[in-house]
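Numbering (my numbering), first residue to last: 253 to 327.
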Amino acid sequence: MKFIDLLYAAISRSEIPLRFEPGAEEAMAKPIVDALVIWIKAHIPAGGNSEFDAGGRALATRLLAELEGTADLPE
């Protein structure tokens, strides 16, 4: 399952009246995904060479891939 599919499903189950409009899920999801991308990128460790920093960068890379739809969510 992709993150965007999970987000669309949550929006579809919401009580927001626009959910029945064509393209409503995509229109509502885009600013959420954009905000999450900015937030994750802001927390990527800068330049450190420790294992902790490498793990943080790997996690951020994985989360960004899930948000962009290039990686599935973990089972």
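Idealized CB from N, CA, C, for every residue including glycine.
Cβ distance (whole Å) where Leu292 is taken to contact Leu316 below 8 Å: One detail in the question is off: residue 292 reads as Ile in this sequence, not Leu. Here Ile292 really is in contact with Leu316; their C-beta atoms are around 6 Å apart, less than 8 Å.
Between the segment 279-290 and the segment 301-312, do at least 3 Cβ pairs fall closer than 8 Å? No, the segment 279-290 is not in contact with the segment 301-312.
Let me know the secondary structure DSSP gives Ala284 once reduced to three states. For the sequence presented, residue 284 should be read as Ile rather than Ala. Residue state, collapsed to three classes: helix.
Quick check: the Cα distance between Met280 and Ile263, rounded to an integer number of angstroms? 8 Å
Let me confirm a value: Phe255 is counted as buried when at least 16 other C-beta atoms fall within 10 Å, else exposed. Which label applies? Burial call: buried.
Under DSSP, the alpha helix (DSSP H) around Leu315 begins and ends at which residues? Boundaries of the alpha helix (DSSP H) around Leu315: Glu303 to Glu320.
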